[in-house]
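S.K.: Provided herewith is a single structure, encoded as structure tokens, for subsequent inquiry.
Pasting the structure below:
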């Protein structure tokens with residue numbers, strides 16, 4: 130599921146999908162979202178509004194029912210759930226000069242994600258991410274194994 134930019138999450142991120150044989154960008158399509166009467170037929174949505182993040186789903190609590198598993202949204206934040214859990218605190222990819230006297234804090238952001246399309250037999254999800262900020266750039270690889278205790282290797 131994709132997050133639409135707006136409110137607190139205005140900075141768009143690029144999303145891509147990949148398999149063992151190909152990679153393709155995920156194009157923003159207004160049809161992915163229900164705008165209701167707010168936008169209607171007026172065409173208020175820019176054709177390339179982009180995405181504010183992504184939510185992943187997996188059959189955590191009931192076989193065959195896809196529950197929320199993980200979210201990547203806002204700066205370098207992510208969070209994940211295990212079976213029967215509710216969200217607590219989020220994790221952050223990096224924060225620079227936090228609490229350093231006389232220094233401005235810096236919170237680089239994820240700019241682009243690559244989501245590996247799982248095969249039917251896969252029991253894990255792979256997400257790659259590019260992080261960028263004024264003084265640091267980083268590449269992240271997340272392997273998420275859903276379950277009673279969801280395990281995320283970063």
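Residue numbers (the working numbering): 130 to 283.
The beta carbon of each residue, even a glycine, is placed where N, CA and C say it ideally should be.
Just so we're clear, the structure is a prediction, and the values are computed from it rather than from any experiment.
1. With DSSP collapsed to three states, give me the class of residue 157.
2. In whole angstroms, give me the CA-to-CA distance for residue 146 and residue 254.
3. State whether the stretch 224-232 contacts the stretch 188-197, with contact taken as three or more CB pairs (one from each stretch) at a distance under 8 Å.
4. Residue 214 to residue 181, Cα distance in whole Å?
5. Pull up the distance between the alpha-carbon of residue 278 and that of residue 153, whole angstroms please.
6. Leaving out five residues before and five after residue 235 in sequence, what residues of the same chain have Cβ atoms less than 7 Å from its Cβ?
7. With respect to the beta strand (DSSP E) encompassing residue 245, which residues constitute its N-terminal and C-terminal limits?
8. Identify whether residue 179 lies in helix, strand or coil by the three-state DSSP scheme.
9. Identify which residue in 204, 246, 211 and 149 has its Cα closest to the Cα of residue 198.
10. Runs of 4 residues minimum, wholly inside the stretch 183-239: which ones carry the alpha helix (DSSP H) assignment?
11. Can you tell me the Cα-Cα spacing of residue 135 and residue 240, whole angstroms?
12. Here's the rule: buried if 16 or more other CB atoms are within 10 angstroms of the residue's CB, otherwise exposed. What is residue 203?
13. In the DSSP assignment, find the beta strand (DSSP E) that holds residue 267 and state where it starts and stops.
M.R.: Checking against the coordinates, here is how it stands:
1. Taking the chain shown and counting its residues from 1, the one referred to as residue 157 is at position 28. Coil.
2. The residue given as residue 146 occupies position 17 in the chain shown. The residue given as residue 254 occupies position 125 in the chain shown. Straight across, the Cα-Cα distance linking residue 146 with residue 254 is about 12 Å.
3. With a cut-off of 8 Å, the stretch 188-197 and the stretch 224-232 do not count as touching, because too few Cβ pairs lie within range.
4. Reading the chain shown from its first residue, position 85 is the one you call residue 214. Reading the chain shown from its first residue, position 52 is the one you call residue 181. Going by the C-alpha atoms only, they are around 24 Å apart.
5. The residue you call residue 278 lines up with position 149 of the chain shown. The residue you call residue 153 lines up with position 24 of the chain shown. Roughly 31 Å between the two C-alpha positions.
6. In the chain shown, the residue the question calls residue 235 occupies position 106. Cβ contact annotation for residue 235 (same chain, cutoff 7 Å, sequence separation greater than five): 225, 226, 262, 263 and 264, in chain order.
7. Locating residue 245 in the chain shown gives position 116, where the first residue counts as 1. Element bounds for residue 245: 238-245.
8. The residue labelled residue 179 in the question sits at position 50 within the chain shown. Under the three-state reduction of DSSP output, residue 179 falls in the coil class, being neither helix nor strand.
9. In the chain shown, counting from the first residue as 1, residue 198 sits at position 69. When only C-alpha atoms are compared, the closest one is 211.
10. Whole alpha helix (DSSP H) segments, 4+ residues: zero.
11. Here residue 135 is taken as the residue at index 6 of the chain shown, counted from 1. Here residue 240 is taken as the residue at index 111 of the chain shown, counted from 1. Taking the straight line joining both Cα atoms gives about 16 Å.
12. The residue labelled residue 203 in the question sits at position 74 within the chain shown. Classification for residue 203: buried.
13. Here residue 267 refers to the residue found at position 138 when the chain shown is read from its first residue. Residues 266-274.
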